[in-house]
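Student: Numbering (numbering that gives the first Met the number 0), first residue to last: 0 to 175.
Quick one: structure below, then a few questions.
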Amino acid sequence: MFRLFILTTMISFLSGNKTTAQVPASIYDFKMKSLDGKEIDFSQFKGKKLLIVNTASKCGFTPQYKDLEKLHEMYGSRVVVLGFPANNFLWQEPGSNNDIATFCEKNYGVKFLMFEKISVKGSDKHPLYKWLESQTGKSPSWNFCKYIVDADGKAIAFFPSKVNPLDKQIIDRIAP
């Protein structure tokens with residue numbers, strides 16, 4: 000029995016089988032947990048545009064939370080703002096999910112949908128960010144990079160951190 004275990008382990012290792020999460024074919028196939036622990040099924044976003052942003056609480060771009068919230072208030076019926084805290088860039092999101100939720104509410108009055116902390120780069124990159132990169136050819140180079148997904152579920156644009164959420168380039172892509 001022990002030999003069978005060793006043999007199976009060696010075959011698995013040599014064949015390159017790894018326990019990595021599959022990347023869904025569609026944005027609408029994702030299910031992820033919000034900061035308050037609720038499972039969010041992305042199929043509910045069909046027919047709406049999405050603005051997906053990797054966020055951090057201790058970054059020079061953190062004040063963009065204010066403009067993300069403004070955008071959410073202005074276009075919330077047609078555009079869904081989704082925030083994904085990540086600690087990938089100089090450990091600028093060190094807190095727990097509860098710490099992040101408290102920070103966002105207290106300092107910026109964030110009401111748009113925020114998710115549990117994930118990784119947006121490296122070997123542990125979340126499948127959502129693998130999907131976004133496969134669609135756009137771009138991956139976050141820092142906190143507050145933005146992706147726009149159109150109402151048909153296609154990732155159509157990427158904007159780096161320095162582009163403000165209320166910038167004309169973004170508004171032109173999300174406003175009807």
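Beta carbons: idealized from backbone N, C-alpha and C, even for Gly.
Could you spell out where the beta strand (DSSP E) holding Asp40 opens and where it closes?
Tutor: Its beta strand (DSSP E) spans residues 38-40.
Student: Suppose you measure from the CA of His125 to the CA of Ser118; what does that come to, to the nearest Å?
Tutor: Near 6 Å, if we compare the C-alpha coordinates of Ser118 and His125.
Student: Quick check: the region 34-50 against the region 66-83, are at least 3 beta-carbon pairs closer than 8 Å?
Tutor: Contact holds: three or more Cβ-Cβ distances are below 8 Å.
Student: Suppose you measure from the CA of Leu81 to the CA of Lys145; what does that come to, to the nearest Å?
Tutor: Their Cα atoms are separated by approximately 10 Å.
Student: May I ask which residues mark the beginning and end of the alpha helix (DSSP H) holding Lys57?
Tutor: Counting along the chain, Lys57 falls outside any alpha helix (DSSP H), and DSSP gives it neither H nor E.
Student: Expressed to the nearest angstrom, what Euclidean distance is found between the alpha-carbon atoms of Thr54 and Glu92?
Tutor: Straight-line Cα distance between these residues: approximately 8 Å.
Student: Can you check the region 86-139 for any alpha helix (DSSP H) of at least 4 residues that lies completely inside it and give the ranges in chain order?
Tutor: Qualifying alpha helix (DSSP H) stretches, in chain order: 96-107, 126-135.
Student: So what's Phe143 in DSSP terms, helix, strand or just coil?
Tutor: Three-state DSSP puts Phe143 in coil, outside helix and strand.
Student: Tell me the rounded alpha-carbon separation between Lys110 and Ser33.
Tutor: When rounded, the distance between both Cα atoms is 12 Å.
Student: Measuring alpha carbon to alpha carbon, tell me which residue in Pro84, Phe102, Gly75 is nearest Met113.
Tutor: If we check each option's Cα against that of Met113, Pro84 comes out closest.
Student: Over what stretch of residues does the beta strand (DSSP E) that includes Leu81 continue unbroken?
Tutor: Here the beta strand (DSSP E) through Leu81 covers 78-84.
Student: Just list the residues that DSSP pairs Met31 with in beta bridges.
Tutor: Looking at the DSSP assignment, Met31 forms a beta bridge with Ile39.
Student: If you run the structure through DSSP and keep just helix, strand and coil, what is Leu70?
Tutor: Reduced to three states, the DSSP call for Leu70 is helix.
Student: Quick check on this structure: which residue in Lys37, Phe60, Lys45, Met73 has the alpha carbon closest to the alpha carbon of Ala174?
Tutor: Of the candidates Lys37, Phe60, Lys45, Met73, the one whose C-alpha sits nearest the C-alpha of Ala174 is Met73.
Student: Label Glu132 either buried or exposed according to how many other C-beta atoms from any shown protein chain fall within 10 Å of its C-beta, with 16 as the threshold for buried.
Tutor: Its Cβ being crowded by 16 or more others within 10 Å, Glu132 is buried.
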